[in-house]
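Q: The structure under discussion is supplied below as C-alpha cells; questions concerning it will follow.
Numbering (the working numbering), first residue to last: 1055 to 1393.
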C-alpha cells in the first residue's frame, strides 16, 4: 500500500479510503490509484485487514469422508451460507482417522478460525481431548456424530427414528430373518440406528440374531465384506438393513457378484438417501437426512456465537424421511429368511 501511495503521489490513508470506499476520494485520485494498482499488481492483504479488526472471517469445517454424498452436500451448503456472509471455509478431511482428526482440530485453532464445525469420526479415543480443547478455545458446533458430554452446540439426525423407519418398512413386507450392517461401534449415530433397528424387531416379536449383525465401518468395502459374510450363511437373511449409503454401495456390489435379484431374493433398505439410490435397478428404499437443513442449523449456530451469543448450548435434532422405492418385497416362498 505504501508503494501504491508513493507512485500515485498520495497518502497511504487515501489509498486505503479508495480501496475500502468508506471515505470520499475524488474520481481523479481514485482512477490514478487504480492505475498504479494495476501497474504493480498490488493485492490487498485480507488476512492483515481482518486481523486489524480482530477478525479472520474463517470458518473451520472438519469431516470424516469427502466421498460420502452426505458430507459433500453438507460442505456445499455451508460454503454457500458462508459466502453470503463474507466468510471463508477452511476444510479438513480426517479420512476416518482419529489421530488426523485431532491434528486437524489443532490446525484449525492455530489458524484462528472464528468458529469450528466438526463431524467427528471418533468419540472415545484421541479426538475427545481435542474436542474438549476446541470447545474451550473456539465457537464449536458438533454435527452428525455428536459425542456425549462435550460442551458445545450440536446438530444431528434423529438416528433412532431413522433406524426404526427403515426396519419397520422391511418388517411390513413380511420379513422375519432380517440382518443389520452397521457402522463403527464408537460412533453414536451407528449405535442409535441399531437401537432403532433392535426396538422395531422386538416390537414385532423378533429377537435380533447376533449372527445377522455385522459392522461395516461406514465404508463401501466394509459393506461389501459384511454382505458377503451374511449371504454366505447356511440360513441367510431375506432382508438387510444397511446403516449408511456407502455401505449400501458395497452391499449392492456383493449382491451383483452373487447374482442375486433385489427384491426377489433379498430386500434392502438403507439410511442416507443419495442420487445413486434411485439409479440402481430397482431403486433402493432409503431414509433421507435433511442435509441442507442440518447445514443451515450448524452454520446459523456458529454465526450466532461469532456475533456474541453466550446463551445455553443448543441441540438441534432433525427428523428423517422414508423414501420408498422398489427394493423391499415379500420374501419368496421357501426362502429361509422368511421363516
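Where is the CB? At the ideal position from N, CA and C, for every residue including glycine.
Report the option in 1379, 1193 and 1285 whose CA atom is closest to the CA atom of residue 1365.
A: As a position in the chain shown, residue 1365 is number 311, starting the count at 1. The residue with the shortest Cα to Cα distance from residue 1365 is 1193.
Q: Given a cut-off of 9 Å, decide if residue 1254 and residue 1222 are closer than it, judged by their beta-carbon atoms.
A: For the purposes of this step, residue 1222 is taken as the residue at position 168 of the chain shown. For the purposes of this step, residue 1254 is taken as the residue at position 200 of the chain shown. For residue 1222 and residue 1254, yes; Cβs fall inside 9 Å.
Q: Pick helix, strand or coil for residue 1156, following the three-state DSSP scheme.
A: Here residue 1156 refers to the residue found at position 102 when the chain shown is read from its first residue. Helix.
Q: Classify residue 1326: buried if its beta carbon has 16 or more other beta carbons within 10 angstroms, exposed otherwise.
A: Here residue 1326 refers to the residue found at position 272 when the chain shown is read from its first residue. That one is buried.
Q: Rounded to the nearest angstrom, what separates residue 1131 and residue 1082 at their Cα positions?
A: Numbered from 1 along the chain shown, position 77 holds the residue referred to as residue 1131. Numbered from 1 along the chain shown, position 28 holds the residue referred to as residue 1082. Residue 1131 and residue 1082: Cα-Cα distance of roughly 42 Å.
Q: Per DSSP, which residues does residue 1372 bridge with? Please list them.
A: One-based indexing of the chain shown puts residue 1372 at position 318. Answer is 1211.
Q: Go ahead and pull the three-state DSSP assignment for residue 1135.
A: As a working mapping, residue 1135 is identified with position 81 in the chain shown. Residue 1135 falls in the helix class under three-state DSSP.
Q: Taking 7 Å as the limit between beta carbons, can you name the residues of its chain near residue 1252, skipping five residues before and five after?
A: The residue labelled residue 1252 in the question sits at position 198 within the chain shown. Excluding positions up to five away in sequence, the list reads 1262.
Q: Let's test the definition: count the other Cβ atoms within 10 Å of the Cβ of residue 1329 and tell me whether it reaches 16, buried, or not, exposed.
A: Translated into the one-based positions of the chain shown, residue 1329 becomes position 275. Looking at its Cβ environment, which holds fewer than 16 other Cβ atoms inside 10 Å, residue 1329 is exposed.
Q: With respect to the alpha helix (DSSP H) encompassing residue 1230, which residues constitute its N-terminal and C-terminal limits?
A: The residue given as residue 1230 occupies position 176 in the chain shown. No alpha helix (DSSP H) contains residue 1230, which DSSP labels as neither H nor E.
Q: Where do the N-terminal and C-terminal ends of the beta strand (DSSP E) with residue 1146 fall, by residue?
A: Position 92 of the chain shown, counting from 1, holds the residue named residue 1146. Per DSSP, residue 1146 belongs to the beta strand (DSSP E) from 1142-1147.
Q: In angstroms with no decimal places, state the Cα-to-Cα distance between residue 1078 and residue 1137.
A: Numbered from its first residue, the chain shown carries residue 1078 at position 24. Numbered from its first residue, the chain shown carries residue 1137 at position 83. If I take the Cα positions, the gap works out to 27 Å.
Q: List the DSSP bridge partners of residue 1295.
A: Here residue 1295 refers to the residue found at position 241 when the chain shown is read from its first residue. Residue 1295 pairs with 1234 and 1323.
Q: Flag this pair as touching only if the segment 1264-1276 and the segment 1294-1302 have three or more C-beta atom pairs under 8 Å; answer yes or no.
A: Taking 8 Å as the limit for Cβ pairs, the verdict is that the segment 1294-1302 does touch the segment 1264-1276.
Q: Nearest by alpha-carbon distance to residue 1143: which of 1126, 1201, 1113 and 1118 is it?
A: Taking the first residue of the chain shown as 1, we reach residue 1143 at position 89. Per the Cα distances, 1113.
Q: Using a threshold of 9 Å, state whether the C-beta atoms of residue 1087 and residue 1067 are closer than that.
A: Numbered from 1 along the chain shown, position 33 holds the residue referred to as residue 1087. Numbered from 1 along the chain shown, position 13 holds the residue referred to as residue 1067. Result no, Cβ atoms of residue 1087 and residue 1067 do not sit closer than 9 Å.
Q: Leaving aside the five residues before and after residue 1170 along the sequence, list all residues of the same chain whose C-beta is less than 6 Å from its C-beta, in chain order.
A: Position 116 of the chain shown holds residue 1170. Once the five neighbours on either side are set aside, the close Cβ partners of residue 1170 are 1114, 1162, 1188, 1192 and 1194.
Q: Could you check if residue 1343 is buried or exposed, using at least 16 other CB atoms within 10 Å of its CB as the buried criterion?
A: Taking the first residue of the chain shown as 1, we reach residue 1343 at position 289. Label assigned to residue 1343: buried.
Q: Out of 1282, 1198, 1205 and 1151, which has the shortest C-alpha to C-alpha gap to residue 1235?
A: For the purposes of this step, residue 1235 is taken as the residue at position 181 of the chain shown. Of the candidates 1282, 1198, 1205 and 1151, the one whose C-alpha sits nearest the C-alpha of residue 1235 is 1282.
Q: Which residues mark the beginning and the end of the alpha helix (DSSP H) in which residue 1058 is found?
A: Here residue 1058 corresponds to residue number 4 of the chain shown, with the count starting at 1. Residue 1058 -> alpha helix (DSSP H) spans 1056-1062.
Q: If we ignore side chains and look at the alpha-carbon of each, how far apart do residue 1228 and residue 1381 end up?
A: Taking the chain shown and counting its residues from 1, the one referred to as residue 1228 is at position 174. Taking the chain shown and counting its residues from 1, the one referred to as residue 1381 is at position 327. Taking the straight line from one Cα to the other gives about 14 Å.
Q: Give a yes or no on whether 9 Å exceeds the smallest Cβ distance from residue 1293 to chain D.
A: Absence of chain D from the displayed structure is noted, only one protein chain being present.
Q: Only counting the same chain, and skipping five residues up and downstream in sequence, which positions put a Cβ closer than 8 Å to that of residue 1070?
A: Counting from one through the chain shown, the residue named residue 1070 turns up at place 16. Within the same chain, residue 1070 has close Cβ partners 1055.
Q: Could you tell me the distance, in whole angstroms, from the CA atom of residue 1121 to the CA atom of residue 1198?
A: Along the chain shown, read from residue 1 onward, the residue named residue 1121 stands at position 67. Along the chain shown, read from residue 1 onward, the residue named residue 1198 stands at position 144. Roughly 16 Å separates the two Cα atoms.
Q: So is residue 1135 buried or exposed if we call it buried at 16+ other beta carbons inside 10 Å?
A: Numbered from its first residue, the chain shown carries residue 1135 at position 81. Flag for residue 1135 reads buried.
Q: Helix, strand or coil for residue 1307, going by three-state DSSP, please let me know.
A: To locate residue 1307, count along the chain shown from 1; it is residue 253. Helix, per DSSP.
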